[in-house]
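Peer 1:
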Amino acid sequence: MESTRTLPDKIFLILKGLGMGAANKVPGVSGGVVAFVAGFYEEFIYSLKKVNGKAFKLLFNGRFKSFYRYINGRFLSLLFFGMIVSYFSISKILDYLISYYELYVWSVFFGMIIGSIYYINKDFKDWNYKTYISLSIGILIGIGISFLNPAKENDNLWFVFFCGIISVSGMTLPGFSGSFILILLGNYVLLLVDSVNALYDSFAEIFRGDFSFYNNLERVRMLKVLGAFTLGSITGLVTFSHVLSYILKHYKSITLSTIIGFIIGSLGVVWPWKKTIYKLNKDGGFLFDSTGTKVVKNYKRFIPELNIETYYAIGFIFIGIIIVLALEWYGQKTRKIK
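For what it's worth, this note's numbering labels the leading residue of the sequence shown as 540, then goes sequentially.
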């Protein structure tokens, strides 16, 4: 795989990582959908599957090059590099856009999910009673999750570890939004905003030669929370990849039809015309995180009014669809060249 990957392919892989990382940060959007539409989902799952006992044996024996090749290291490192950069850059931009242009952002994502459904469904021909049942189950689960109410914040490290395992589902299961699951678990702000900002602030102070954060009990607590969340995410990523690689190999049609159902069900979460309820402070004002984004408490949907904003939003839905079709066109062109 690596010998056939050109420099433009590597650059686009980093860009795909940027898109996947940004999607994972946004409630209602699944990074796995980006992987699916961009055409690297199965390679992503099978590469993660290679992080197993044999890989660790190569690593502990000092055979680093063999370990790197065995786990498809170039692919994973470029992809995760894009995700990390996205976390501290594009995702910040998304926070701003959602705060000030919420309707249009959700419209683009809504259009991208519609385009993703078309993309996945157009090449899927194995429709039978089993796949129709799987499709229905996927839709029901996706819709059901979108109507659940959030829990309260919980910083217990074992619960945070569990959150990491669950939240990573958005990367491995297209249609399942890991960040939206974190909202339901009550820990979205704690794990994707406060702890990440604590890490960013700590690195900034270290670069200035200031190590005083070690005496800041709140900062240390946040870093411990982020550490537990990261370990849980890695555990979930590797575990889910082994399970998914097995079912993709043995039950591919049922798996794909269920994924299509998940994605269809997730449309309710990113419905652009939703009334958002925000957490309020004691004075009745909005609570904001450190990026200036209002802290979401719950969603309730409503029918859009016919006004200029609605027409703009419909236009952005079409933009989202065009983005996915452009990715599909690029993927087909790349495969023909190879």
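For every residue, glycine included, the Cβ atom is placed at its ideal position computed from N, Cα and C.
#1: Helix, strand or coil, according to DSSP, for Lys691 in the structure here?
#2: Please state if the CB of Gly621 and the CB of Ile553 are separated by a distance shorter than 7 Å.
#3: Give a yes or no on whether the C-beta atoms belonging to Leu587 and Ala852 are separated by under 7 Å.
#4: To the nearest angstrom, how far is it from the Cα of Leu770 to the Cα of Ile847?
#5: Could you tell me whether the region 740 to 754 touches the region 671 to 691, using the rule of 3 or more Cβ pairs below 8 Å?
#6: Checking 7 Å against the spacing of the C-beta atoms, do Ser646 and Pro811 come in under that value?
#7: Assign Leu679 to buried or exposed, taking buried as 16 or more other Cβ atoms, counted over all protein chains shown, within 10 Å of its Cβ.
#8: According to the neighbour-count rule (16 or more other Cβ atoms, all chains shown, within 10 Å of its Cβ), is Val576 buried or exposed?
#9: CB-CB under 8 Å to Leu776, same chain, minus the five flanking residues each way: which ones, in chain order?
#10: Measure the C-alpha to C-alpha separation of Phe551 and Ser796 and round it to an integer number of angstroms.
#11: Mapping the DSSP letters down to three states, classify Lys564 as helix, strand or coil.
#12: By the 10 Å Cβ neighbour count, where 16 or more other Cβ atoms means buried, how is Ile860 classified, buried or exposed?
#13: Give the C-beta separation of Gly799 and Asn660 to the nearest angstrom, bearing in mind that I take them to be a contact with Cβ-Cβ under 8 Å.
#14: Using the C-alpha atoms, what's the distance from Ala594 back to Phe606?
#15: Could you check what DSSP says for Asn611 in three-state terms: helix, strand or coil?
#16: Buried or exposed for Val764, going by 16 or more other Cβ atoms inside 10 Å?
#17: Kindly list the residues whose CB is nearer than 6 Å to the CB of Asn611, restricted to its own chain and excluding five residues on each side of it in sequence; keep chain order.
#18: What is the C-beta distance between Ile802 and Ser655, in whole angstroms, given that I count them as a contact (C-beta under 8 Å)?
Peer 2: In short, the structure shows the following:
#1: coil
#2: yes
#3: no
#4: 46 Å
#5: no
#6: yes
#7: exposed
#8: buried
#9: Leu587, Val707, Met710 and Thr711
#10: 28 Å
#11: helix
#12: buried
#13: The sequence shown places Ile at residue 799, rather than the Gly named in the question. Yes, Ile799 and Asn660 are in contact; Cβ-Cβ is about 6 Å, under 8 Å.
#14: 6 Å
#15: coil
#16: buried
#17: Ser586
#18: 6 Å
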